[in-house]
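Counting in numbering that gives the first Met the number 0, the sequence shown runs from 0 upward without gaps. Even glycine gets a Cβ: it sits at the ideal position worked out from N, Cα and C. Values in this document were obtained by computation on a predicted structure and should not be read as measured data. Accompanying notes for the structure given below.
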Amino acid sequence: MFKDIFLFEISFRLKRISTYVYFGIWFLMGFIYMSSDSVLQLGIGTKVAKNSPYGISQLLALLTAFGTPIISAVTGTAIYRDFEERMHLILFSTPISKFGYLGGRLFGSLFSTFIIFIGIPIGMFLGTLMPWADSTKLAPFSLMSYLQPFLLIVIPNILFLGTLFFLVGTLTRNILAVYLQGVVVFAIYLISLNLIGDVNNQFTPALLDPFGLITIDSITKYWTVADRNNLLLPISGVMLYNRLLWSLLA
0 MFKDIFLFEI SFRLKRISTY VYFGIWFLMG FIYMSSDSVL QLGIGTKVAK
50 NSPYGISQLL ALLTAFGTPI ISAVTGTAIY RDFEERMHLI LFSTPISKFG
100 YLGGRLFGSL FSTFIIFIGI PIGMFLGTLM PWADSTKLAP FSLMSYLQPF
150 LLIVIPNILF LGTLFFLVGT LTRNILAVYL QGVVVFAIYL ISLNLIGDVN
200 NQFTPALLDP FGLITIDSIT KYWTVADRNN LLLPISGVML YNRLLWSLLA
């Protein structure tokens, strides 16, 4: 039953226009960032390539933070829909297990969110191929420069946020709460960034940052330009602890 509900949730999302609108938004964000000369390089420095592992990691972490309302809209409504359409009266009369129902909805909505956010690296890659893109700000193509940051940054972020929003949506079954929670989480995150900006001990903020922006800054603080252009983020130290912490909380 888990498999059936999981596949149904993905199928439902793929039939929704909003899914393709969300995907298109992230695709355009990545595409414009890489192909346009007028877009700022997000503080990575003019000598650091936009499509370096460091540059891609920064952009993915930032856009995931900005994308909390989209994550909430996809995962937070998975259970609410059944109550809105009164389908729960039928579902709850069938011999379906709690894991089959809740697990299928949760993982189906999470997988759908992964599909939406993969539009960012696709847009970034295609942006580098445009004839008007500034080649002096781009490094040679490397699949791992896109793949590793997506797996390390985006997947755990969506896993934690999606599960949190799914939980709130399931318990409240309130559409206002579903759509506001993403905005609230993002606002709280922005406030917390300002509060810990002057903290001398950066280990704790780097560990507790659910989006990984502070974590990336912490582990690359003393990297040279060559390091930022060539090295992948290390899956060790505070980065490993951070990713494990938020994945386990999910």
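Between F202 and L212, the alpha-carbon positions lie close to 13 Å from each other.
Of I16, F5, R242, the smallest CA-CA separation from N156 is found for R242. The alpha-carbon of N173 is positioned some 49 Å away from that of S134. In the three-state reduction of the DSSP assignment, R15 falls in the coil class, being assigned neither a helical nor a strand state. Secondary structure at M129: coil, using DSSP grouped into helix, strand and coil. Contact between A60 and F165 fails: their C-beta atoms lie close to 22 Å from each other, not under 8 Å. Comparing C-alpha distances from S144 to each of L58, L13, A249 shows the shortest one belongs to L58.
Nearest to F82 by alpha-carbon distance, out of T171, G66, A225, is T171. Taking 9 Å as the cut-off, the beta carbon of R15 is found no closer than this to the beta carbon of G107. Judged by DSSP secondary structure, S108 falls within the alpha helix (DSSP H) whose first and last residues are 103 to 116.
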